[in-house]
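Each residue of the sequence shown is one higher than the last, beginning at 1 in the UniProt record's numbering.
Glycine residues also receive a C-beta, built at the ideal position from the N, C-alpha and C atoms.
Just below is one structure, and these are the notes that go with it.
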Amino acid sequence: MFGNWIKTSILMAGIVALFGAMGAAIGGQQGMLIALVVGGAMNFWAYWFSDKAVLKMYNARQVDASTSPYLYNMVRELAQRADLPMPKVYIIDEDQPNAFATGRNPENAAVAATTGIMRMLSERELRGVMAHELAHVKNRDILISTISATVAGAISMLANFGMLFGNRDGEDRPNPIVSIAMMILAPLAGMIIQMAISRTREFGADRGGAEISGDPEALASALAKIDAYARGIPMHTAEQHPETAQMMIMNPLSGGGLRGLFSTHPATQDRIARLRAMIGR
């Protein structure tokens, strides 16, 4: 938990510094001051509201025991087993099988599952997936994960700002400093995700989910199914916002290129092997 707070603090300081440097490149000292204020405001907003923004981005709808008893009661039972507060439960109308957790702490957490994953998996397998997401909550991965997605989006916004205001003196040629900055900002967003989100957190959530559910084989089977089908079923929101891909139980992106920078998931076969090694211990 302490390590995640350090990562979060470094990430927040980094976004302020990046905004300041870009503001100075675009508008000198005045631009730097404006950008620093914007960066500080972004940090405040990201801490308190980034989870709601991600859920809205995916058009997630909140459900309860009356509107989706199957999923809600499953999550409630698993949360009790994990000794966690009951999170909010959401469903995303997407065919791709996937799920994620978000929020700033266990007391303000939410878990979301797609309609595709609910159709595709057996009850036992879905239970393993939701236990995995609750393990992220228990391990307090969700704050750094959600803020990282927001920060990467902010960097893209900053790049667009530079493109709009990078030309000076009415010249048609772009400012060379801004042009160079634009070249590095997109991969930088991916690098921030890579540095902030360790792939080992997925192994940890797999292990924790197997312990919560008491069924490592169910989660292993679920991961094999999701991996087999997710690649062929696009998730349009994730393709438009690849910075959110690291929040999912399985990488939802179909393409390579720059999207590969946002891939923070270990190989599925490695995850399955570790889960099956837990059986019989």
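Span of the alpha helix (DSSP H), counted from its first residue to its last, around Ile-91: Here Ile-91 belongs to no alpha helix (DSSP H); instead the beta strand (DSSP E) covers 88-92.
Does the beta-carbon distance from Pro-216 to Ile-279 come in below 8 angstroms? yes
Cβ distance (whole Å) where Leu-253 is taken to contact Pro-242 below 8 angstroms: 6 angstroms
Cut-off 6 angstroms between Cβ atoms - residues of its own chain near Arg-201, not counting five sequence neighbours on either side: Taken in chain order, the residues that qualify are Asp-141.
Starting from Gln-62, follow its DSSP beta bridges and name the residues at the other end. Tyr-90
With three or more beta-carbon pairs closer than 8 angstroms as the criterion, would you say the region 111-124 touches the region 223-243? yes
Extent of the continuous alpha helix (DSSP H) to which Gly-209 belongs: 200-213
Taking contact to mean at least 3 C-beta pairs separated by less than 8 angstroms, is the region 128-138 in contact with the region 203-223? Touching, yes.
For the candidate residues Glu-94, Gln-62 and Ala-99, whose alpha-carbon lies nearest to that of Gln-246? Ala-99
With a CB to CB cut of under 7 angstroms and the five nearest residues on each side skipped, what residues in its chain are close to Ala-40? Reading off the sequence shown, one finds Gly at residue 40, where the question assumed Ala. Only Val-16 meet the Cβ criterion.
Would the region 71-82 count as touching the region 46-60 if we require 3 or more Cβ pairs under 8 angstroms? no
Write down the C-beta distance between Asp-206 and His-136 rounded to the nearest angstrom, noting that I regard them as a contact closer than 8 angstroms. The Cβ separation is near 10 angstroms, so there is no contact.
What separation, rounded to the nearest whole angstrom, lies between the Cα atoms of Ala-110 and Asp-83? One C-alpha to the other measures close to 15 angstroms.
Nearest-angstrom beta carbon gap, Ala-46 and Ile-147 [assumed within contact, 8 angstroms]: Yes, Ile-147 and Ala-46 are in contact; Cβ-Cβ is about 5 angstroms, under 8 angstroms.
Name the DSSP bridge partner or partners of Thr-114? Ile-92
Let me know the secondary structure DSSP gives Gly-103 once reduced to three states. strand
Just how far apart, CA to CA, sit Leu-71 and Val-89? 8 angstroms
Cβ-Cβ distance between Leu-275 and Ala-228 below 8 angstroms: Against a cut-off of 8 angstroms, the Cβ pair of Ala-228 and Leu-275 comes out as no contact.
Within 10 angstroms of its Cβ, does Pro-69 collect 16 or more other Cβ (buried), or is it exposed? Exposed, since its Cβ has fewer than 16 Cβ neighbours within 10 Å.
Assign Met-235 to one of three DSSP states: helix, strand, or coil. coil
So, Leu-134 versus Ile-212, is the Cβ gap smaller than 8 angstroms? Taking 8 angstroms as the cut-off, the Cβ atoms of Leu-134 and Ile-212 count as close.
Alpha carbon of Asp-64 to alpha carbon of Asn-108, nearest angstrom: The straight-line gap separating the alpha-carbon atoms of Asp-64 and Asn-108 is approximately 16 angstroms.
Thinking just about the alpha-carbon of each residue, which of Lys-138, Gln-30, Thr-237 and Asn-59 is nearest to the one in Gly-103? Lys-138
Hey, how far is the Cα of Phe-44 from the Cα of Gln-269? 39 angstroms
Using a Cβ-Cβ cut-off of 6 angstroms (strictly less than) and excluding sequence neighbours within five positions of Gly-20, which residues of its own chain qualify? Met-32, Ala-35 and Leu-36
Tell me whether Ala-109 sits in a helix, a strand or coil according to DSSP, three-state version. strand
So, helix, strand or coil for Met-74, using DSSP? Note: Met-74 maps to helix in three-state DSSP.
Whole-angstrom distance between Arg-81 and Asn-59, CA atom to CA atom: 29 angstroms
Is the Cβ-Cβ distance between Ile-91 and Arg-61 less than 8 angstroms? yes
Short of 8 angstroms in beta carbon distance, which residues of its chain neighbour Glu-171, apart from the five on each side in sequence? Order them along the chain. With a pLDDT of only 49 at Glu-171, under the threshold of 50, the placement of this residue in the model should not be trusted; the figure read from the coordinates follows. So no residue of the chain qualifies.
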